[in-house]
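So, in structure tokens, the structure goes:
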């Protein structure tokens, strides 16, 4: 069933997703505490040159790094879980579907997605497509056609829904101006919500192709490049490791 369309329904949905993000955040903190305890136990039990102990240590530190990454992700998601939403009909699925889109993905119980990462393949239709039939491509799986029925953009600040609007265009000038009025650090994080179609096409191009992006100072070349790197590391992690 699709989420509601009224402001009251959207505010309820926001609080629901914030609650899920908070649960994930607390779980990440608990996991970090547990791994740190495991590392302390390993120091007490194994000698420095013990191969078994070294393997366990490497495994635990890898888990710690992953949990710390999750902690950062969920801290961001807790403050502002999403900025967009798409409603669509997939001909292979009964009924309409809806996804919220955010800076990072959020899943309920580590399995049920409630917010899609902006770098996910289907999120491309939020940036590139008008309402109606459109396509998105999943690497190694092919191209899929859907009927995009709604594209909604949100302005969320300090856990509160300030505004939202439905549009055939991702971001209007007013929303973009609000982001650009902030400092550069904020812009690099929040400009994701205002990426335009031409920028998105550059960001999502295959990493096996060369691209030359030209523009005057301040035209957004660096911002597009940074988000392209982020997109490649997300979708081609097996080929490109930082």
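Numbering (the numbering used here), first residue to last: 139 to 380.
All residues carry an ideal CB built from backbone N, CA and C; glycine is no exception.
Just so you know, these numbers come straight off a predicted model, no measurement behind them.
Asked, Found
"Helix, strand or coil at residue 232 [DSSP, three-state]", "coil"
"Residue 160 versus residue 291: straight-line alpha-carbon distance, rounded", "23 Å"
"As assigned by DSSP and simplified to three states, the class of residue 279", "coil"
"Among 347, 354, 245, the one whose alpha carbon lies nearest that of residue 216", "245"
"Residues that DSSP places opposite residue 245 in a beta bridge", "251"
"Inter-residue Cα distance where the pair is residue 149 and residue 248", "23 Å"
"Host alpha helix (DSSP H) of residue 222 (start-end)", "From DSSP, residue 222 is part of no alpha helix (DSSP H) but of the beta strand (DSSP E) over 222 to 227."
"Distance between residue 268 and residue 304 (C-alpha atoms, nearest Å)", "12 Å"
"Close-in-space but distant-in-sequence residues of the same chain around residue 272 (CB under 6 Å, 5 per side omitted)", "263, 286"
"Where the beta strand (DSSP E) containing residue 301 begins and where it ends", "298 to 304"
"Coarse secondary structure for residue 349, derived from DSSP in three states", "coil"
"N- and C-terminal bounds of the alpha helix (DSSP H) containing residue 217", "189 to 217"
"Simplified DSSP state of residue 144, which is helix, strand or coil", "coil"
"Residue environment, residue 298, which counts as buried when at least 16 other CB atoms sit within 10 Å", "exposed"
"Identified DSSP bridge partners for residue 295", "298"
"Presumed contact (8 Å Cβ cut-off) between residue 342 and residue 369, rounded CB distance", "6 Å"
"Own chain partners of residue 214 with C-beta closer than 7 Å, once the 5 adjacent residues on each side are dropped", "241, 242"
"Nonlocal neighbours in the same chain, by C-beta distance under 8 Å from residue 363, ignoring five residues either side", "351"
"Residue range of the alpha helix (DSSP H) that includes residue 264", "262 to 266"
"Cβ-based burial, residue 168 [other Cβ within 10 Å; buried from 16]", "exposed"
"Distance between beta carbons of residue 219 and residue 260, contact taken as under 8 Å", "About 18 Å; that fails the 8 Å criterion."
"Residues near residue 152 in its chain [Cβ-Cβ closer than 6 Å; skip 5 each side]", "299"
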